[in-house]
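Below is one structure, written out as structure tokens; the observations come after it.
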Amino acid sequence: KINKKLSAKINRKLIIKYNTEIELGTKIGVGLYIGHHGGIVISNKSIIGNNFTIRQCTTIGIKEENGKFIQIGDNVNIGAHTCIISDGLTIGDNVTIGAMSFINKDIPSDVTVYTEKTNRIISKA
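Everything in the sequence shown is counted per this note's numbering, starting at 1022 for the first residue and increasing by one.
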């Protein structure tokens, strides 16, 4: 009971002071590095390995409560404004995810992944 109350208190302080929400029950290994604190949300359905780097405005979450988890390996580096949303996926070890990426599928180990950006105007009013 003491640990749950202390955890909830620390979590509230993270949300209020840093605008960072790491839900209670999230499993994160040693070596967590948060590059910039603002706008980070990590679901409690996440299992994250060692030496994890995350930057501002990044969301890691499950679309539906279905008992599945997002599993992230060791030495993973996630760029700013990235969204990792799925019904459960696995990201391997030694992965770099570029800024402004949308990830909804498994990623193997030892790769760099990014979502291609285009400079096109859809319509102008």
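The beta-carbon is built from N, C-alpha and C at its ideal position, and this holds for glycine as well. If you're wondering where the values come from, they're calculated on a predicted model, not measured in any experiment.
What residue from the options has the CA that sits closest to residue i's CA?
i        : options                                   : result
Asn-1098 : Lys-1025, Lys-1089, Ile-1069 and Gly-1060 : Ile-1069
Lys-1126 : Thr-1139, Cys-1104 and Arg-1141           : Cys-1104
Asn-1024 : Ile-1036, Gly-1046 and Asn-1040           : Gly-1046
Gly-1059 : Ile-1031, Lys-1089 and Ile-1037           : Ile-1037
If residue i and residue j are in contact, beta carbons under 8 Å, what's the gap, nearest whole angstrom?
i        : j        : result
Ile-1075 : Ile-1061 : 6 Å
Asn-1133 : Ala-1101 : Correcting the residue type first, residue 1133 is Thr in the shown sequence and not Asn. Incorrect: roughly 15 Å between the Cβ atoms, too far for contact.
Glu-1085 : Asp-1114 : With a Cβ gap of about 27 Å, Glu-1085 and Asp-1114 do not count as contacting.
Ser-1064 : Ile-1091 : 7 Å
Which first and last residues belong to the beta strand (DSSP E) in which residue i is found?
i        : result
Glu-1042 : 1041 to 1043
Ser-1122 : That residue, Ser-1122, is in no beta strand (DSSP E); it is neither H nor E in DSSP.
Going by DSSP, what residues sit across from residue i in a beta bridge?
i        : result
Thr-1111 : Gln-1092
Asn-1087 : Answer by DSSP bridge pairing: none, since Asn-1087 is not bridged.
Runs of beta strand (DSSP E) wholly within the region 1031 to 1082 (minimum 3 residues, chain order): If we require 3 residues or more, the beta strand (DSSP E) runs fully inside the region 1031 to 1082 come out as 1041 to 1043, 1061 to 1063 and 1067 to 1069.
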